[in-house]
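Engineer: Under this note's numbering, the first residue of the sequence shown carries the number 3, and numbering increases by one thereafter.
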Amino acid sequence: MSVSIKRKSVKRAGGEGERIRFAVGRTDLGWVLVAGTKRGLRAIVLGDSREALIDTFKDRYGTGEHREGDPESLRWLRRVAEWIASPRRDLDLPLDIRGTAFQRRVWRELRRIPAGRTASYGEVARRIGKPGSARAVARACASNPLALAVPCHRVIRSDGGSGGYRGGVARKRALLEREGGTITIVAPTRAKSAWKGEER
3 MSVSIKRKSV KRAGGEGERI RFAVGRTDLG WVLVAGTKRG LRAIVLGDSR EALIDTFKDR
63 YGTGEHREGD PESLRWLRRV AEWIASPRRD LDLPLDIRGT AFQRRVWREL RRIPAGRTAS
123 YGEVARRIGK PGSARAVARA CASNPLALAV PCHRVIRSDG GSGGYRGGVA RKRALLEREG
183 GTITIVAPTR AKSAWKGEER
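1. Under DSSP, the alpha helix (DSSP H) around Val82 begins and ends at which residues?
2. How would you call Arg44, buried or exposed, if buried means at least 16 neighbouring beta carbons within 10 angstroms?
3. What residues are listed by DSSP as bridge partners for Thr121?
4. To which residues of the same chain is Arg175 closer than 7 Å at the C-beta, ignoring the five residues directly before and after it?
5. Near Gly49, what residues of its chain come up, given a Cβ to Cβ distance below 8 Å and the 5 sequence neighbours on each side ignored?
6. Have a look at Leu150, Gly124, Glu84 and flag the residue whose alpha-carbon is nearest the alpha-carbon of Pro116.
7. Tell me which same chain residues have a C-beta within less than 7 Å of the C-beta of Gly118, skipping the five on either side of it?
8. Tell me, which residues are paired with Leu93 by DSSP?
9. Could you give the distance in angstroms between the alpha-carbon of Val139 and the alpha-carbon of Asp30?
10. Could you please give the first and the last residue of the uninterrupted alpha helix (DSSP H) stretch that includes Gly182?
11. Just to confirm the assignment, what range does the alpha helix (DSSP H) spanning Ile99 have?
12. Under a three-way DSSP split, which group does Ile56 fall into?
13. Evaluate Pro89 with the Cβ neighbour count: other Cβ atoms within 10 Å of its Cβ, from every protein chain shown; 16 or more gives buried, anything less gives exposed.
14. Under DSSP, the beta strand (DSSP E) around Leu48 begins and ends at which residues?
15. Going by other Cβ atoms of all chains shown within 10 Å of its Cβ, with 16 needed for buried, is Pro147 buried or exposed?
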């Protein structure tokens with residue numbers, strides 16, 4: 003898949019911050035921005051325009067000196083673009099995940115859902131030992147900065163509806179179709195994890 007990339011440097015005044023490397027490219031599902039540190043990816047964001055993604059990046063990482071289009075960020079971008087074209091396996095990239103303790107618990111559980119499977123928000127809440135916190139799980143999904151790598155698009159409503167998605171509901175449905183076709187809610191199980199067959 004071709005990825006169109008422009009290079010430039012972004013500097014923001016107002017204090018010192020981490021140096022964030024990033025790249026923006028176009029795929030057949032729209033534009034994508036990847037950003038991270040030397041430790042790994044901090045953000046994967048899907049959107050409708052390069053300009054909107056750059057604005058989102060500046061809002062989130064306004065301080066410090068940031069570099070666009072360095073070799074590492076371009077490698078991340080190409081891996082993400084390749085995955086979007088053929089999402090039949092997990093997107094395995096180094097991650098530098100930041101979030102609250104609850105968010106990280108939710109995001110870890112989302113990464114256990116394999117391509118081709120889905121779970122409801124309530125099921126994820128039960129899997130992390132927080133039954134009744136489906137809405138909090140939904141908020142954690144909405145706050146997920148690492149689309150695709152933390153596959154919140156695989157979480158749907160208990161009635162089978164797609165639910166929301168930061169990258170747009172149309173993209174969520176397209177991703178689910180590419181991964182496995184039909185939407186199937188994973189049933190809970192006491193003995194084993196619903197997605198990996200792990201003993202609990």
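Ideal placement from N, C-alpha and C gives every residue a C-beta, glycine not left out.
Structural biologist: For this structure:
1. Your numbering for residue 82 matches position 80 in the sequence shown. First-last of the alpha helix (DSSP H) with Val82: 73-87.
2. Residue numbering aside, residue 44 sits at position 42 when the sequence shown is read from its first letter. Buried.
3. As a first step, residue 121 is located in the sequence shown; it is residue number 119 there, counting from the start. Before going on, a small fix: residue 121 reads as Ala here, not Thr. According to DSSP, which records beta bridges pairwise, Ala121 is partnered with Val157.
4. Indexing the sequence shown from 1 puts residue 175 at position 173. Around Arg175: Ser164.
5. One-based indexing of the sequence shown puts residue 49 at position 47. Taken in chain order, the residues that qualify are Gly32, Trp33, Val34, Leu35, Leu55, Thr58, Gly169.
6. Position 114 of the sequence shown holds residue 116. Checked all of Leu150, Gly124, Glu84; the closest Cα to Pro116 is Leu150.
7. For the purposes of this step, residue 118 is taken as residue 116 along the sequence shown, with counting starting at 1. Contacts found: Glu181, Gly182.
8. Residue numbering aside, residue 93 sits at position 91 when the sequence shown is read from its first letter. DSSP, once it has assigned bridges, lists no residue as partnering Leu93.
9. Counting from 1 along the sequence shown, the entry for residue 139 is found at position 137. Counting from 1 along the sequence shown, the entry for residue 30 is found at position 28. Rounded to whole angstroms, Val139 to Asp30 spans 29 Å at the Cα level.
10. Counted from its first residue, the sequence shown places residue 182 at position 180. Start and end: 171-182.
11. By one-based count along the sequence shown, residue 99 stands at place 97. Segment: none, Ile99 is in no alpha helix (DSSP H) and carries neither H nor E.
12. Taking the sequence shown and counting its residues from 1, one reaches residue 56 at position 54. Of the three classes helix, strand and coil, the one that applies to Ile56 here is helix, per DSSP.
13. Mapped onto the sequence shown, residue 89 falls at position 87. Result: buried.
14. Taking the sequence shown and counting its residues from 1, the one referred to as residue 48 is at position 46. First-last of the beta strand (DSSP E) with Leu48: 42-49.
15. Your numbering for residue 147 matches position 145 in the sequence shown. Here Pro147 is buried: its Cβ has 16 or more other Cβ atoms, across all protein chains shown, within 10 Å.
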